[in-house]
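K.L.:
Right, I'll just put the structure down here and ask away after.
In our numbering, the protein residues as written are 26 to 128.
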């Protein structure tokens, strides 16, 4: 595998909310998508809603390297969206960082 591909970082971020807040949480999570896809080093950035547990959402995102991930976390849009989002969640977002091992 090339050095570039092995440096990639792929994240699974889980957001859990209540039925009452589900619509607003979905709206806020969608606000991450466009700006994130424009960030340097973003390979993909997609939002999913769990079919069997609709109060759970996932963002699956890929980044060229650790520096791109760190930059994303500090991006003004992330900071802006998290402020109203976090109080609507039942727990803090769960972030799993994965390194690519296959071509």
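Just so you know, even glycine gets a beta-carbon here, dropped at the ideal spot from N, CA and C.
Would you mind reading off the limits of the beta strand (DSSP E) that contains residue 35?
P.N.:
34-41
K.L.:
If you count every other CB in all the chains shown that lies within 10 Å of the CB of residue 106, and 16 or more means buried, which is it?
P.N.:
buried
K.L.:
What residue range does the alpha helix (DSSP H) around residue 104 cover?
P.N.:
101-110
K.L.:
Within its chain, find whatever has a CB closer than 8 Å to the CB of residue 26; leave out the 5 residues flanking it on each side and keep chain order.
P.N.:
Caution is warranted here: a pLDDT of 49 is assigned to residue 26, below 50, making its placement in the model unreliable, and no coordinate value can be reported.
K.L.:
What first and last residue would you give for the alpha helix (DSSP H) that runs through residue 68?
P.N.:
Run containing residue 68: none in the alpha helix (DSSP H); it sits in the beta strand (DSSP E), 67-74.
K.L.:
Around the Cβ of residue 42, are there at least 16 other Cβ atoms within 10 angstroms (buried) or fewer (exposed)?
P.N.:
buried
K.L.:
Taking the C-alpha atoms as reference points, what is the distance between residue 56 and residue 31?
P.N.:
29 Å
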